[in-house]
Amino acid sequence: MGMMVRATVLALLKASMILLFAGWVALWILKPTEMWTKKWKGAEESAGGTVFGYYGLNFAVYTFPIIALAIIGSLYLNDTASGAISSRQRKTSLSSLSYPIIVNSLVGIISVVEILAILVFVIFLAWTFYCRISNDFEKLTPAKSLKLSIWQLKYLKVATRFGLLAEACLALLLLPILRVMPVLRLLGIQFEASVRYHTWLGTGMILFATFHGASTLFIWGVSHVIQDEVWRWQKTGRIYLAGEITLVLGLVIWITSLPFIRRKQFEIFYYTHHLYTLFILFYLFHAGDRHFYAVFPGIFLFGLDKLLRIIQSRPHTYLLSAKVLPCEALELTLPKDPKLKYSPTSVVFMNVPRISKLQWHAFSITSSSNVQEDTMSLMIKCEGWWTNTLCRMITEELSSDTHQTKCIPVAIEGPYGPSTVDFLRYDSMLLIAGGSGITPFLSILQEIVSAKGSSRYKFPENIQLIHAIKRSQDMSLLSSISHILRKQALGKLHLKLQVYVTREEQPDAPARILQDALSQGQIVHFDAKATSYAIHWFDKPTVTAAILGIALILFFVLLICFNHIFIPSEKKASTLKTKGADSKTKTPSSVVDLILLSCFVISVIVSMTVALMLRWRRIKKAVPSTSPKKAGGFTEPSSAEPHDPLQEHEVHYGGRPNFQDIFAKFPNEAGGSDIGVLVCGPELMKESVAKSLQQTSQGSSAKGRSKFTFHSLNFTL
Numbered sequence: 001m002g003m004m005v006r007a008t009v010l011a012l013l014k015a016s017m018i019l020l021f022a023g024w025v026a027l028w029i030l031k032p033t034e035m036w037t038k039k040w041k042g043a044e045e046s047a048g049g050t051v052f053g054y055y056g057l058n059f060a061v062y063t064f065p066i067i068a069l070a071i072i073g074s075l076y077l078n079d080t081a082s083g084a085i086s087s088r089q090r091k092t093s094l095s096s097l098s099y100p101i102i103v104n105s106l107v108g109i110i111s112v113v114e115i116l117a118i119l120v121f122v123i124f125l126a127w128t129f130y131c132r133i134s135n136d137f138e139k140l141t142p143a144k145s146l147k148l149s150i151w152q153l154k155y156l157k158v159a160t161r162f163g164l165l166a167e168a169c170l171a172l173l174l175l176p177i178l179r180v181m182p183v184l185r186l187l188g189i190q191f192e193a194s195v196r197y198h199t200w201l202g203t204g205m206i207l208f209a210t211f212h213g214a215s216t217l218f219i220w221g222v223s224h225v226i227q228d229e230v231w232r233w234q235k236t237g238r239i240y241l242a243g244e245i246t247l248v249l250g251l252v253i254w255i256t257s258l259p260f261i262r263r264k265q266f267e268i269f270y271y272t273h274h275l276y277t278l279f280i281l282f283y284l285f286h287a288g289d290r291h292f293y294a295v296f297p298g299i300f301l302f303g304l305d306k307l308l309r310i311i312q313s314r315p316h317t318y319l320l321s322a323k324v325l326p327c328e329a330l331e332l333t334l335p336k337d338p339k340l341k342y343s344p345t346s347v348v349f350m351n352v353p354r355i356s357k358l359q360w361h362a363f364s365i366t367s368s369s370n371v372q373e374d375t376m377s378l379m380i381k382c383e384g385w386w387t388n389t390l391c392r393m394i395t396e397e398l399s400s401d402t403h404q405t406k407c408i409p410v411a412i413e414g415p416y417g418p419s420t421v422d423f424l425r426y427d428s429m430l431l432i433a434g435g436s437g438i439t440p441f442l443s444i445l446q447e448i449v450s451a452k453g454s455s456r457y458k459f460p461e462n463i464q465l466i467h468a469i470k471r472s473q474d475m476s477l478l479s480s481i482s483h484i485l486r487k488q489a490l491g492k493l494h495l496k497l498q499v500y501v502t503r504e505e506q507p508d509a510p511a512r513i514l515q516d517a518l519s520q521g522q523i524v525h526f527d528a529k530a531t532s533y534a535i536h537w538f539d540k541p542t543v544t545a546a547i548l549g550i551a552l553i554l555f556f557v558l559l560i561c562f563n564h565i566f567i568p569s570e571k572k573a574s575t576l577k578t579k580g581a582d583s584k585t586k587t588p589s590s591v592v593d594l595i596l597l598s599c600f601v602i603s604v605i606v607s608m609t610v611a612l613m614l615r616w617r618r619i620k621k622a623v624p625s626t627s628p629k630k631a632g633g634f635t636e637p638s639s640a641e642p643h644d645p646l647q648e649h650e651v652h653y654g655g656r657p658n659f660q661d662i663f664a665k666f667p668n669e670a671g672g673s674d675i676g677v678l679v680c681g682p683e684l685m686k687e688s689v690a691k692s693l694q695q696t697s698q699g700s701s702a703k704g705r706s707k708f709t710f711h712s713l714n715f716t717l
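Residue numbers for the sequence shown follow the UniProt record's numbering, beginning at 1 and rising by one.
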């Protein structure tokens, strides 16, 4: 009976989310049509005579659906948390949608489902532009203040409508970078994979906004009014100066986000990105509250998401130990709450106040929560200023004479990972890693081995791990799974490792080098303080849903109250008139905008106060984690073994892996018909794997052989 009730509840939650999303999409499709415009004006006039006003109607129609979707999504994920591991029975034809269609150095690897999503969005933008501009051309009347020819007037209308296309991009811009709020996670999209959707939307928004702004300035220039218009801060309607400031801020953020700046000058990218607060503020002043409600869901969720993450990262925890590997990498161990469970391939964001109080960096978790119950391990490659500074801090501790070294406080956000683990559905798996791209696979292998005895799920029985590295010492990155590579407690699982050392020649005993690399590394143990709290997740998704609900209800109540208090009733009717009307009684647009902004700020502060109280209460109940148990689950390798299992693995020197040859041989070696290909590493390697897979799949589909399913993972952002 309990299972039936749970299934019914999940079905109702799922149906509610589908209806909300479908209604929101239908709203955006109807919004540019003349029919909707006429009906909407009538609806606003009717709402103006009620206690809710036009502002309540706009909020309920444009903003509420997505926030309600996030609330229901949190409840849905809470009920499905126990089934976080995806079983083979859940496999559907949707897996073929991950097949790489476009492999290009400019845009990267784009799958079938991404192509479909891009096409749908482009069609939507074209539909919006066509509906708006065709209606504008039908009602074309010259403006009294501007002496424009027909072509100039048409061009100005085109420029104006490009601003609406930028608005559509802004409505979606912040949704892909939500970490706590379950929006894209409901679709099985991880945060680090969705960051590029944020990049695409941001680029599109800036292109449309630049054309919108530059073309408007051009028309003002040819009509000789640019000096009058460019500095105008109108009392009502669209504020031109605010729009110009918004465009400049957007361009600064976009330019400093370009890869050659972001990678080489991360601090510039990081700090200029915080200009988004001013960008949103001046966009509100420029577009007005009616347009702002359309993009408000993403802003509302992002604001709460950001503050929830700040709360979760307090108080600081401390490093328990650090293993310094010969390949200039660190394996860090931190304390965590035994109740905290996470999926393989999850990431955390880490801040070290002694290095920088503002910079956060993402790292893949290399451990499994089923193996290390009260600790968590991260792998960090020392390649940039921030990571090199951390490496230097830890290596300096190695030279100290004391056994217990001074603790290093750190702040942690996360972990963030997929709601389901889809790699378990395959018969066999090919894991392809380049350099430190091995980190997500370390957690995958530990998860599979730790759950090998489970009768609930059927796991892949054949796994081949391909690891391409530059030098032999980089094999030490595999030290955390040395017990797995030595075939300890693998049961029916068959794991084969192939290492490709690209910049060294063949030595006399490659197997011995692998054995030495896996055993190398110096460990530093830190003196944990009594205040060394373990890492806790913020709370259950139900708490996130409750906080969202509090903020949503409070905002709506404040919006109604503040409008009735600060906008006298005799002026409310005038706010619904044409924006071009010059009336002394009309409320300034900036006042209405500031009311909306104030309601948002107050609702966020109150809901975050509630979240902080819940967090503090939970931490006070928690016992500080000062000496966690040694992570176990596997025995140490015995030197008395007559046969070294490491000899079964292969180490190749002086060349890169031939992926086409690997894809051709693996089905015969593994024997499975459904093969998952997971790749993580440099973009060039991912593209090479995707191209080889395209060629192999074309041949195998014709011959009816094994089916490959491609998945690209990221280990850095």
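Using N, Cα and C, we set each Cβ at its ideal position, and we do this for glycine too.
{"Query": "Find the nearest neighbour of I177 within the set E331, S194, I605, judged by alpha-carbon distance.", "Result": "S194"}
{"Query": "Would P335 pass as a contact of S368 if the rule is Cβ separation under 9 Å?", "Result": "no"}
{"Query": "Please work out which residues of its chain come closer than 6 Å, Cβ to Cβ, to G676, disregarding the five sequence neighbours upstream and downstream, and give them in chain order.", "Result": "F423, Y426, M429, T709"}
{"Query": "Taking only three categories from DSSP, how would you classify V324?", "Result": "strand"}
{"Query": "When we look at the beta-carbon of N658 and count the other beta-carbons within 10 Å, is it buried (16 or more) or exposed?", "Result": "exposed"}
{"Query": "Is it buried or exposed, Y500, if we count other Cβ atoms within 10 angstroms and call 16 or more buried?", "Result": "buried"}
{"Query": "Beta-carbon within less than 6 Å of A534's beta-carbon, same chain only, minus the 5 sequence neighbours each way: which residues are those?", "Result": "P335, K336, D337, S625"}
{"Query": "Using 10 angstroms around the beta-carbon of C561, count the other beta-carbons present and answer buried if the total reaches 16, otherwise exposed.", "Result": "exposed"}
{"Query": "Is the beta carbon of Y240 closer than 9 Å to that of V286?", "Result": "The question names Val, but residue 286 is His in the sequence shown. The answer is yes: Cβ separation under 9 Å."}
{"Query": "Measuring only the C-alpha atoms, how far is L478 from F64?", "Result": "48 Å"}
{"Query": "Just to confirm my understanding: we take V295, look at its own chain, exclude 5 residues before and 5 after, and list those with CB closer than 7 Å. What are they?", "Result": "E167, L170, A171"}
{"Query": "Skipping 5 residues on each side, what residues in its chain have a beta carbon closer than 6 Å to that of Y62?", "Result": "Y293, A294"}
{"Query": "Cutting at 8 Å between CB atoms, please list the residues of its own chain near S519, excluding the five before and the five after it.", "Result": "S479, S482"}
{"Query": "DSSP three-state call for M608: helix, strand or coil?", "Result": "helix"}
{"Query": "State the beta-bridge partners of T405 as determined by DSSP.", "Result": "F526"}
{"Query": "Between the alpha carbons of R161 and E267, how many angstroms are there, rounded?", "Result": "36 Å"}
{"Query": "Would you mind sorting A35 into buried or exposed? The rule is 16 or more other CB atoms within 10 Å of its CB.", "Result": "Here residue 35 turns out to be Met, not Ala, going by the sequence shown. Exposed is the call here."}
{"Query": "Buried or exposed for N351, please, with buried defined as at least 16 other CB atoms from any protein chain shown within 10 angstroms of its CB.", "Result": "buried"}
{"Query": "Does the region 598-606 come within contact of the region 252-271, defined as at least 3 CB pairs closer than 8 Å?", "Result": "no"}
{"Query": "With respect to the beta strand (DSSP E) encompassing A193, which residues constitute its N-terminal and C-terminal limits?", "Result": "No beta strand (DSSP E) contains A193, which is instead part of the alpha helix (DSSP H) from 191-222."}
{"Query": "Since I547 contacts L304 with CB under 8 Å, what's their CB separation in whole angstroms?", "Result": "7 Å"}
{"Query": "Could you tell me whether the Cβ atoms of H525 and S321 are closer together than 9 Å?", "Result": "yes"}
{"Query": "Assign P667 to one of two classes, buried (16 or more other C-beta atoms within 10 Å of its C-beta) or exposed (fewer than that).", "Result": "buried"}
{"Query": "Quick check on M17: buried or exposed, where buried means 16 or more other Cβ atoms within 10 Å of its Cβ?", "Result": "buried"}
{"Query": "Determine the closest residue to K306 out of K235, H467, V180, with distance taken between C-alpha atoms.", "Result": "V180"}
{"Query": "Find the nearest neighbour of V610 within the set P100, D661, T544, E669, judged by alpha-carbon distance.", "Result": "T544"}
{"Query": "By the 10 Å Cβ neighbour count, where 16 or more other Cβ atoms means buried, how is S93 classified, buried or exposed?", "Result": "In this prediction, S93 scores a pLDDT of 45, lower than 50, which makes its location untrustworthy; no coordinate-derived value is stated."}
{"Query": "Can you check which of these residues, W616, K707, E114, is closest to D674 by C-alpha distance?", "Result": "K707"}
{"Query": "Is I365 close to chain C? Criterion is C-beta to C-beta, closer than 9 Å.", "Result": "No chain C is part of this structure, which consists of one protein chain only."}
{"Query": "With respect to the beta strand (DSSP E) encompassing T709, which residues constitute its N-terminal and C-terminal limits?", "Result": "707-713"}
{"Query": "Can you tell me which of the three DSSP states I239 falls into?", "Result": "coil"}
{"Query": "For E447, which residues from the same chain have a beta carbon less than 6 Å from its beta carbon, with the 5 sequence-adjacent residues on both sides left out?", "Result": "P344, S368"}
{"Query": "Please identify the residue among L442, E331, E383 whose C-alpha is closest to the C-alpha of I463.", "Result": "L442"}
{"Query": "Is H286 helix, strand or coil by DSSP?", "Result": "helix"}
{"Query": "Label E331 either buried or exposed according to how many other C-beta atoms from any shown protein chain fall within 10 Å of its C-beta, with 16 as the threshold for buried.", "Result": "buried"}
{"Query": "Going by DSSP in three states, D674 sits in which element: helix, strand or coil?", "Result": "strand"}
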